[in-house]
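Working notes, structure below.
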Amino acid sequence: MTTESESSWRAWRVALKAGNDVLRIEIRVPAEPIRPVDLLPTLMALDDALVSACEKEAVRQGKAISCKKGCGACCRQLVPISEIEAQYLAESLALTPPERRAHILARFQMACAELERKGLRERLLNAIGQNAPTEGDRLTADYFACGVECPFLEEESCLIHAQRPLVCREYSVTSPPERCADPARHEIDRLAMPIHFSHVVRRFADGVGTSPYRWLPLVLAMNWSSAEARPMPRLPGPELLENFFRLVQAETAVDGD
Numbered sequence: 041m042t043t044e045s046e047s048s049w050r051a052w053r054v055a056l057k058a059g060n061d062v063l064r065i066e067i068r069v070p071a072e073p074i075r076p077v078d079l080l081p082t083l084m085a086l087d088d089a090l091v092s093a094c095e096k097e098a099v100r101q102g103k104a105i106s107c108k109k110g111c112g113a114c115c116r117q118l119v120p121i122s123e124i125e126a127q128y129l130a131e132s133l134a135l136t137p138p139e140r141r142a143h144i145l146a147r148f149q150m151a152c153a154e155l156e157r158k159g160l161r162e163r164l165l166n167a168i169g170q171n172a173p174t175e176g177d178r179l180t181a182d183y184f185a186c187g188v189e190c191p192f193l194e195e196e197s198c199l200i201h202a203q204r205p206l207v208c209r210e211y212s213v214t215s216p217p218e219r220c221a222d223p224a225r226h227e228i229d230r231l232a233m234p235i236h237f238s239h240v241v242r243r244f245a246d247g248v249g250t251s252p253y254r255w256l257p258l259v260l261a262m263n264w265s266s267a268e269a270r271p272m273p274r275l276p277g278p279e280l281l282e283n284f285f286r287l288v289q290a291e292t293a294v295d296g297d
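For the sequence shown, this note's numbering assigns the number 41 to the initial residue and increments by one for each residue that follows.
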């Protein structure tokens with residue numbers, strides 16, 4: 041006999057290739073209609089598992105993972121996130137205690153004010169919707185040179201580690217950690233990954249995968265969510281997950297059933 045609670049979920053088996061290994065994971069998604077933002081925690085868990093497998097593969101190859109707790113060098117970089125993640129962060133922040141929420145929002149305001157003073161805020165706004173920045177381009181270098189901390193960074197640790205964006209989860213390096221202090225001058229060796237969910241999700245605002253590629257800077261996420269966030273469609277959880285992996289399959293071999 042299937043209970044009501046059991047019938048409201050559907051199991052999915054996913055196989056992700058990581059180096060010479062295949063990572064096999066079973067996940068459960070709601071059967072009822074949900075928004076793309078509601079699927080994000082599931083994607084985060086999958087991304088964490090994939091990153092962990094890729095890190096183990098790197099260690100087997102004789103490399104060392106330089107990223108450690110308390111190192112916030114990468115938290116001063118320009119962080120490109122998707123519309124879905126911006127909405128997720130805004131909704132998560134809305135559920136935090138008022139005092140903590142006010143503290144974090146004040147940090148966003150201070151960061152934006154500093155970027156405004158240094159002439160970068162307008163450049164960031166103009167870059168939204170274009171190709172996402174890379175480590176070698178001028179905007180990324182100028183942003184890092186400003187030294188503006190991520191509003192979620194406090195005492196070199198992430199205040200929202202469990203809810204952090206996909207691109208943050210995927211940012212793991214094997215080059216010496218001191219290079220991260222000046223990525224414009226030093227080559228950074230990023231962890232090799234077969235797929236970056238952080239890229240795929242930027243096309244997934246409609247839950248189907250036909251949305252134009254769109255990113256925005258994390259530092260502007262709170263302003264964007266209050267001014268430009270649009271209602272998201274709702275689709276059955278299995279259909280939503282299938283649509284996401286259809287996008288993934290365009291870049292790598294992923295199986296799901």
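C-beta: ideal position from N, C-alpha, C; glycine also.
{"Asked": "Close beta carbons around C190, own chain, < 6 Å, minus the five adjacent residues each side", "Found": "C115"}
{"Asked": "Beta-carbon gap between L258 and D87 smaller than 8 Å", "Found": "no"}
{"Asked": "Uninterrupted alpha helix (DSSP H) stretches inside the segment 116-184 (no shorter than 4 residues)", "Found": "123-134, 138-157 and 161-167"}
{"Asked": "For A51, three-class secondary structure by DSSP", "Found": "strand"}
{"Asked": "Span separating the alpha-carbon of P138 from that of N263", "Found": "18 Å"}
{"Asked": "Length of the line joining the Cα atoms of E125 and V77", "Found": "7 Å"}
{"Asked": "DSSP-derived helix/strand/coil call for S197", "Found": "strand"}
{"Asked": "Three-pair Cβ contact test at 8 Å for the segment 84-100 versus the segment 54-72", "Found": "yes"}
{"Asked": "CB of T214 within 8 Å of CB of A104, strictly", "Found": "yes"}
{"Asked": "Length of the line joining the Cα atoms of V288 and L280", "Found": "13 Å"}
{"Asked": "Proximity to A232 [Cα-Cα], best of V188, R254, L164 and G59", "Found": "G59"}
{"Asked": "Residue environment, A146, which counts as buried when at least 16 other CB atoms sit within 10 Å", "Found": "exposed"}
{"Asked": "Where the beta strand (DSSP E) through D3 begins and ends", "Found": "This structure leaves residue 3 out entirely; the chain is present only between 41 and 297."}
{"Asked": "C-beta atoms of L90 and I144 nearer than 8 Å", "Found": "no"}
{"Asked": "Cβ distance (whole Å) where A113 is taken to contact A221 below 8 Å", "Found": "6 Å"}
{"Asked": "Element boundaries [alpha helix (DSSP H), containing E279]", "Found": "G277 to V288"}
{"Asked": "Option in L160, D177, H201 and G169 with minimal Cα separation from G187", "Found": "L160"}
{"Asked": "Opposing strand residues paired with I74 [DSSP bridges]", "Found": "L275"}
{"Asked": "N-terminal and C-terminal residue of the alpha helix (DSSP H) that S215 is part of", "Found": "Here S215 belongs to no alpha helix (DSSP H), and DSSP marks it neither H nor E."}
{"Asked": "Through-space distance from R75 to L193, alpha-carbon basis", "Found": "28 Å"}
{"Asked": "Nearest-angstrom Cα separation, counted from Q149 out to L164", "Found": "15 Å"}
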